[in-house]
Amino acid sequence: MHSIDLQVLDARMAEQIPAYATPGSAGLDLRACLDASITLAPGQTTLIPTGLAIHIADPGLAAIILPRSGLGHKHGIVLGNLVVMRRNQTVSGLSH
1 MHSIDLQVLD
11 ARMAEQIPAY
21 ATPGSAGLDL
31 RACLDASITL
41 APGQTTLIPT
51 GLAIHIADPG
61 LAAIILPRSG
71 LGHKHGIVLG
81 NLVVMRRNQT
91 VSGLSH
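Quick note, the sequence shown lines up with residues 1 to 96 if you use full-length UniProt numbering.
Structure, rendered in structure tokens:
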């Protein structure tokens, strides 16, 4: 088992730590930390903050942000990026 250090940067996220939704889940559910709604125009790209930072000590590991299965084909949302972490770097999702 590998260790991942998690730091909550925004107090609003303390009750929404990434977690597995069900025992058979392959990944953790990650939520956005927003002050207001965001509307993206077609083709527009933006970083979506999570209010969290992680540190993965093992350089052979990385975090990957992927969309839930229905977001892309139901809503046209493309979300994802490879998160190569440096200590205390804020985690953001890339969306367009």
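Glycine residues also receive a C-beta, built at the ideal position from the N, C-alpha and C atoms. Predicted model only: the values in this text are computed from it and were never measured.
task = Helix, strand or coil for ALA36, going by three-state DSSP, please let me know.
result = ALA36 falls in the coil class under three-state DSSP.
query = What are the boundary residues of the beta strand (DSSP E) that includes ILE54?
reply = 46–56
key: Residues that GLN16 bridges to, as DSSP identifies them   = Answer is none; GLN16 lacks a bridge partner.
ask   = Under the rule that 16 or more other beta-carbon atoms within 10 Å means buried, what is THR50, buried or exposed?
value = buried
inquiry  = For a quick check, are the C-beta atoms of ALA14 and LEU28 less than 7 Å apart?
reply    = no
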